[in-house]
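Below is one structure, written out as C-alpha cells, with a few remarks after it.
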C-alpha cells in the first residue's frame, strides 16, 4: 500500500540484489576498477562519419523504433485516460528524435521510449510527467558516476528479468485492453487481422533462423517482430476494411478526443 506499492519494482530489485550478494552471484570487479567521477564529452570516442549505406540502415532502424514508440504512446494514453491525438504523437516522436541526436553527440546508442517504463506507470499508478523529469536528472547524475553504473551492471540477469517480467506483462495487458475496443463481433475480418499480425510478429522469436533464407539487405527490417506485425496489420486492414472506412473512424476518434 501507499509509497511501498509505488516503489514495489525498485524494492524487488534491491531485495533481489541483496539475495544475489548472499548467494555469491554478483561480481564487483568492475565496481572496484571504475572511477568515482568521469565527465563524458561530445565526440570523445569518435566523430561523425557520413556513409550513405549506414545512413539508410539507421533510417530503417529508426523507423522500427518509431513504430515501437507509437505503440507505447498509445498504451500510455490508455493508462492515463488521455487519448493520444496526432499532435501529441508528433511531439512524442520528435522528442525521441531529439534524444537520439543528443545521444549521438555523446557517443551513445540511439535513445527511444522504453516499454518497461510504460509498464512502471501501470504498476505504480504514478502518471506525473515531473516524475520523469526527476528521473532524467537522476540518470544524468548517475551518468557521471561510473561506479554506480558498474554496480547496476553487476546485477544478475535473473534479478532484472524478474522486474522485466512484471513490467512487460503490464504493457501486454494494456495492449489487450486496447484490443477490447475493436469490433470483433460484427466484423469477423478484425479477428483475422489480429490473429495473422500476432503470428507474423512472433516469427523472429520462435524461428530466428528464418532470416538465412532472406536477402541480407532486408535483415534490419525482418529482425523486429513489432515491425512485421505492424506492417501486416496495416496491409490486412486496408485489404479487408479499406482506407475510406478507416479514415472515417480516425476522424470520429479525433472529434471525440477534441470533445474531451
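In our numbering, the protein residues as written are 19 to 278.
For glycine and all other residues, C-beta sits at the position ideal for the given N, C-alpha and C.
With distance defined between alpha-carbon atoms, name the residue in the options nearest to residue i.
i, options, result
"residue 46", "138, 116, 170, 202", "170"
"residue 50", "165, 159, 76", "165"
"residue 218", "108, 240, 208", "240"
"residue 108", "229, 123, 92, 223", "92"
"residue 254", "60, 95, 111, 209", "209"
"residue 189", "22, 139, 154, 121", "139"
"residue 228", "243, 215, 216", "243"
"residue 28", "73, 224, 185", "185"
Helix, strand or coil, according to DSSP, for residue i in the structure here?
i, result
"residue 45", "coil"
"residue 176", "helix"
"residue 26", "helix"
"residue 55", "coil"
"residue 239", "helix"
"residue 62", "coil"
"residue 185", "helix"
"residue 259", "coil"
"residue 21", "helix"
"residue 192", "helix"
"residue 15", "Because the chain spans 19 through 278 in this model, residue 15 falls outside it and cannot be assessed."
"residue 200", "coil"
"residue 126", "coil"
Within a Cβ cutoff of 7 Å, which residues of the same chain sit near residue i, ignoring the five residues on either side of it in sequence?
i, result
"residue 33", "none"
"residue 180", "30, 34"
"residue 259", "207"
"residue 64", "125"
"residue 214", "250, 254"
"residue 17", "Here the chain covers residues 19 to 278 and nothing more, so residue 17 does not appear."
"residue 110", "87, 91"
Are the C-beta of residue i and some C-beta of chain B separated by less than 7 Å?
i, result
"residue 87", "Absent from the structure: chain B. Only one protein chain is present."
Return the first residue and the last residue of the alpha helix (DSSP H) that residue i is part of.
i, result
"residue 133", "133-142"
"residue 168", "164-171"
"residue 96", "70-98"
"residue 105", "104-123"
"residue 67", "Careful: residue 67 lies outside any alpha helix (DSSP H) and carries neither H nor E."
What residues in its chain sit with their C-beta under 6 Å from that of residue i, if we drop five residues either side in the sequence?
i, result
"residue 90", "131, 133, 136"
"residue 270", "Because residue 270 sits at a pLDDT of 48, beneath the cut-off of 50, its placement in the model cannot be relied upon, and the following sentence gives the value as read from the coordinates. If we look at residue 270 and ignore the five residues flanking it on each side, it has no Cβ neighbours."
Considering only residues of the same chain and omitting the five flanking positions on each side of residue i, which have a CB-CB separation below 8 Å?
i, result
"residue 167", "52, 160, 161"
"residue 193", "89, 93"
Start-end ranges of the alpha helix (DSSP H) lying completely within the stretch 204-228, minimum 4 residues: 206-224
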